[in-house]
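Undergrad: Dropping a structure here in structure tokens format, bear with me for questions.
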Amino acid sequence: MSEVSTPARLSTLDRLRAGLGRASEAAGAVIRTADIDTRLLGLLGALAIIWVGFNIASGGDFLTPRNLWNLSVQSASIAIMATGMVLVIVSRNIDLSVGALLGFLGYTMAMLQITWIPETLGLGLEQPFTWIATLLVGLILGALLGGLQGFVTAYGGVPSFIVTLGGLLIWRGLIFSYADGQTLAPMDSTFRLLGGGPQGSLGEWPSWIVGIIACVAIVLSLYMSRRRKRKYGFTQRPMWAEIALAVLLCGAVLAGVWVTNSYPWPEALAARYAAEHGITPPPGGLNIPTGIAIPVLIMIVVTVVMTYIATRRRFGRNVFAFGGNPEAARLGGINTRRTLMWVFGLMGLLCGISAAIQTARLNAAVTGLGVQNELDVISAAVIGGTSFAGGIGSIPGAVLGAVVMQSLRSGMLLLRVDSPTQDIVVGIVLVTAVGLDSLLRRRRG
Amino acid sequence: MIAERQEAPTPESDQTPLVAMDNIRVSYGGVHAVDGVHIDLHAGEVVGLVGGNGAGKSTLMKVLAGAQPADSGEIRIDGKAATINSPRDAKALDIECIYQTLALADNLDAPANVFLGRELVNGIGTLDDSAMESATRQVMQRLNPRFKNFKSAVVSLSGGQRQSVAIGRAVHFNARVLIMDEPTAALGPAETAQVRDLIRQLKAEGLGIFLISHDIHDVFDLSDRISVMYHGKIVDTVDKASVTPDDVLAMIILGKKPEEASSEELAELQIQAEAAKHDAPS
């Protein structure tokens, strides 16, 4: 190392460092003026790193339409429940029963369409109303059982950890009272569409229409928020940020639709479809774009509705207030017990939705249905920035958390990492993510 | 004066107390925290409530604010019997309480805290955050014009700013009765002066204010009447003009009216008071 080159190299390094500092300052200013959630941005960054990393490691097998489409379907059921778990954890509670409740509700819905409606009521299989009747019963029962756990927690004063631990054992045990642990199959053919699969997807044009509706909704909501701010004379985002945000969000939506449409039906299925509809397949087979899977569409709708409930409804505001300071919420005149009961009822309802998706996707109810789902759901919520101290959490964050977890699992599967090692990695990521989050939060003050 | 008030209400409406609490009792597990208390408050009046720790001041005020149900007793607002079983009941009667802990949801911003439990919604029940922020800006303009932090969680605000948010809640909803539990305990000198000015201003606007304070100077400075509590009972309610701070201190410590106390007790107290004066920051 020569005496001359050292200062020169140092100054280059310094200049580089200063440049980086300026760049990050500028980026920070952009994020601040554009009023964007930094935590969500961090999660997106982590997801991008995971995706690109797996894509490189797998030699380009990860970022394919097929893999991404599968990833979206696999994430849906956990993501849906995670949106509810956010509110449960925000209210300083926990729900350990979601996996077992999902199993029980899945079995109930299977019994309904396989035994009770066709045989007990004598109405026969494959009725046009079967799917919706089954689904409604599942959702209502889920909300009632969840609400019951909430009632015991809120009015009975039993900690939710205990109530839902009991619930876990009870719901799991009740499955056996239905079918002695036997698998129930097959499900109603319309009901099965809820599980996704090529037929349980929207197809090309409906997917584009959904994408365009989403874009219109994004632009409208940005416009409405801007108009509201102008009405009260609040500082608005600069126009460039508004437009950039709209372009970015709509671009992401349309890119997502494009990816799902780039995944064609499997050849055999396409050939059968062609034969059934009397179409002569062109050379190379019929190319039927799959489009957005129905469970993914459900997940998107649930995310939007739950975000609205959490951030723009009195109920959601009360849940966050209670999580931040239960005594203040009570003194503020909030009916805290009723609010808590509703939180658990909502969680149960979401378990019903996920139960329908999982049984439809499996085309069966099996005793292992939902086993350990509670851990995935809680992890998704926590990776998404929900704090166990209460009062802090985000619904889109939890959905992203579910996608991050599923990406890790599916990426490792592609790399032929065995399942125990997958668990170890997911465990480490979970603890690291929460550790990093609390470190950043402390530093920000 | 006091005897007159306990007679049947006179025809003039301004003689009817804004708040009258009669024979209020609260006990926790055999301890009488509040034991048969009578207290009243008129519009445009500040009543200082003083007493040692555990004398029952805060519990009595929690009864009025609906945070602590009374075991027995009667509350009359404008001479009419009122039932206050929850904070919501109290708020419906325009009774607002600023708790010593401030009762803020730390994770929410100032507008969400001002409207905690009484959020503004539009026609379809969606929270109207812009309207809440706008109203909060207006009330803060009046209370603390330097307050600019309407988007941050209140946990990141200073003690004085947090106090402003808690007071803003009471002021925005046009309280007629305001309960302030140690409003200046956590504040610096400038902020304390600000709160004192505000109390005078609200009193001039015709609010009735119960002021709980350990600071005898605050109480003498701001109150019209002073009620002294001792072991759950009211020792006496006195006009500020008719007593000295030493008389009030004697009642706080001995739990007796000065004329009832023995000369030995008063002498002992004199020594304690001297010692306290040396300790107290000026």
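Going down the list, the protein sequences come from chains A and B.
Under this note's numbering, the first residue of the first sequence carries the number 56, and numbering increases by one thereafter.
Under this note's numbering, the first residue of the second sequence carries the number 742, and numbering increases by one thereafter.
C-beta atoms are modelled at their ideal positions from N, C-alpha and C, and glycine is treated no differently.
Note that the structure is predicted; figures quoted are calculated from it, not measured.
Please list, in chain order, all residues of the same chain as ASN885 (chain B) whose beta carbon is under 6 Å from its beta carbon, the five residues on each side excluded.
TA: SER905
Undergrad: Would you check if the segment 285-299 of chain A and the segment 384-394 of chain A touch, i.e. whether three or more CB-CB distances between them fall below 8 Å?
TA: no
Undergrad: Helix, strand or coil, according to DSSP, for ALA436 (chain A) in the structure here?
TA: helix
Undergrad: Mapping DSSP to helix, strand and coil, what is MET242 (chain A)?
TA: MET242 (chain A): coil per DSSP, three-state reduction.
Undergrad: Would you please verify whether the beta carbon of ASN848 (chain B) is less than 9 Å from any beta carbon of chain A?
TA: yes
Undergrad: Are GLN461 (chain A) and ILE133 (chain A) closer than 9 Å when you measure CB to CB?
TA: yes
Undergrad: DSSP three-state label for PHE891 (chain B), please.
TA: coil
Undergrad: Can you name the residues of chain B whose CB is closer than 7 Å to the CB of LEU386 (chain A)?
TA: ALA808, PRO828, TYR840, ALA844
Undergrad: Kindly confirm or deny that the segment 312-321 of chain A and the segment 210-230 of chain A touch, where touching means at least three C-beta pairs closer than 8 Å.
TA: Under the three-pair Cβ rule at 8 Å, the segment 312-321 of chain A does not count as touching the segment 210-230 of chain A.
Undergrad: Using a beta-carbon distance below 9 Å, is PHE375 (chain A) in contact with chain B?
TA: yes
Undergrad: Are the C-beta of ALA457 (chain A) and some C-beta of chain B separated by less than 9 Å?
TA: no
Undergrad: Using DSSP's beta-bridge definition, name the partner residues of VAL979 (chain B).
TA: B:ILE967
Undergrad: Quick check on DSSP: helix, strand or coil for SER1004 (chain B)?
TA: Note: SER1004 (chain B) maps to helix in three-state DSSP.
Undergrad: Taking all protein chains shown into account, decide if VAL302 (chain A) is buried (16 or more other Cβ within 10 angstroms of its Cβ) or exposed.
TA: Classification for VAL302 (chain A): exposed.
Undergrad: Check each candidate in B:ARG766, B:LEU759, B:LEU790 and name the one with the smallest Cα separation from ILE993 (chain B).
TA: B:LEU790
Undergrad: So which of A:GLU429, A:ILE195, A:PHE289, A:PHE159 has the shortest CA-CA distance to VAL141 (chain A)?
TA: A:GLU429
Undergrad: Is it the case that the segment 396-414 of chain A contacts the segment 153-163 of chain A, given that we only count it when at least three CB pairs across the two stretches are under 8 Å?
TA: yes
Undergrad: Would you say VAL862 (chain B) reaches chain A, if we count a Cβ-Cβ gap shorter than 9 Å as a contact?
TA: Interface residue, yes.
Undergrad: Name the chain A residues that come within less than 7 Å of SER875 (chain B), Cβ to Cβ?
TA: TYR287
Undergrad: Alpha carbon to alpha carbon, how far is ALA846 (chain B) from LEU180 (chain A)?
TA: 54 Å
Undergrad: Could you please give me the residues that DSSP links to ASP763 (chain B) through a beta bridge?
TA: B:GLU815
Undergrad: Note down the Cα distance separating ALA240 (chain A) from ALA420 (chain A), rounded to an integer number of angstroms.
TA: About 7 Å.
Undergrad: Leaving out five residues before and five after LEU468 (chain A) in sequence, what residues of the same chain have Cβ atoms less than 8 Å from its Cβ?
TA: GLN477
Undergrad: Cβ closer than 9 Å: which chain B residues qualify as neighbours of GLY212 (chain A)?
TA: Result: empty, since nearest Cβ-Cβ is about 17 Å, beyond 9 Å.
Undergrad: Applying a beta-carbon distance threshold of less than 7 Å, which residues of chain A neighbour ARG766 (chain B)?
TA: Ordered by position in chain A, no residue passes the 7 Å Cβ test against ARG766 (chain B), which lies about 22 Å from the chain.
Undergrad: Whose C-beta lies closer than 6 Å to the C-beta of HIS1092 (chain B) among residues of the same chain, with five residues either side of it excluded?
TA: With chain B running from 742 to 1023 in the structure shown, residue 1092 (chain B) is simply not present.
Undergrad: Does THR163 (chain A) get closer than 9 Å to chain B when you measure Cβ to Cβ?
TA: Not closer than 9 Å to any Cβ of chain B, the Cβ of THR163 (chain A) fails to qualify, so no.
Undergrad: Would LEU805 (chain B) count as contacting chain A if we go by Cβ distances under 9 Å?
TA: no
Undergrad: Does the contact criterion of 3 or more C-beta pairs under 8 Å hold for the segment 252-264 of chain A versus the segment 339-358 of chain A?
TA: yes
Undergrad: Considering just the uninterrupted stretch of the alpha helix (DSSP H) at HIS913 (chain B), what are its terminal residues?
TA: 900-913
Undergrad: How many Å lie between VAL741 (chain B) and GLY403 (chain A) at the Cα?
TA: Outside the displayed range of chain B (742 to 1023) lies residue 741 (chain B), so it cannot be described from this structure.
Undergrad: Drop a sphere of 10 angstroms on the beta-carbon of GLU174 (chain A), count the other beta-carbons inside from all chains shown, and report buried for 16 or more, exposed for fewer.
TA: exposed
Undergrad: According to DSSP, simplified to helix, strand and coil, what is MET742 (chain B)?
TA: Its pLDDT being 39, under 50, MET742 (chain B) is placed unreliably in this model, and the coordinates cannot settle the point.
Undergrad: Helix, strand or coil, according to DSSP, for PRO344 (chain A) in the structure here?
TA: strand
Undergrad: Please report the distance separating the alpha-carbon of ILE111 (chain A) from that of THR119 (chain A).
TA: Rounded to the nearest angstrom, the two C-alpha atoms are 12 Å apart.
Undergrad: Tell me which same chain residues have a C-beta within less than 6 Å of the C-beta of ALA329 (chain A), skipping the five on either side of it?
TA: PRO336, LEU341
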